[in-house]
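Q:
And the structure:
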């Protein structure tokens, strides 16, 4: 199942690629390409944070299991 973050990441990547094509990148750089790249970078950070949150939840769950606490 795809998460909302996965959808955002995919959308930002596609937008970045389309912007590069539309603006004639890499022959010329433009503000639109830079903004699309920044947006994709932010979406990538969001995805990384989602992974970290999952990992932290798993660590807490394991500690709870070791202590005999479930849920």
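Numbering (this note's numbering), first residue to last: 4 to 74.
Note that CB positions come from ideal geometry on N, CA and C, so glycine has one too.
Since the structure is predicted, the reported quantities are computational estimates derived from the model, not experimental observations.
Three-state secondary structure (DSSP) at residue 28?
A: In this structure, residue 28 counts as coil in the three-state DSSP scheme.
Q: First and last residue of the alpha helix (DSSP H) that includes residue 52?
A: From DSSP, the alpha helix (DSSP H) with residue 52 extends over 34 to 69.
Q: Closest to residue 16 by C-alpha separation, out of 60, 36, 4, 56, would be which residue?
A: The candidate whose alpha carbon is nearest that of residue 16 is 36.
Q: What three-state label does DSSP hand residue 5 in the structure shown?
A: Residue state, collapsed to three classes: coil.
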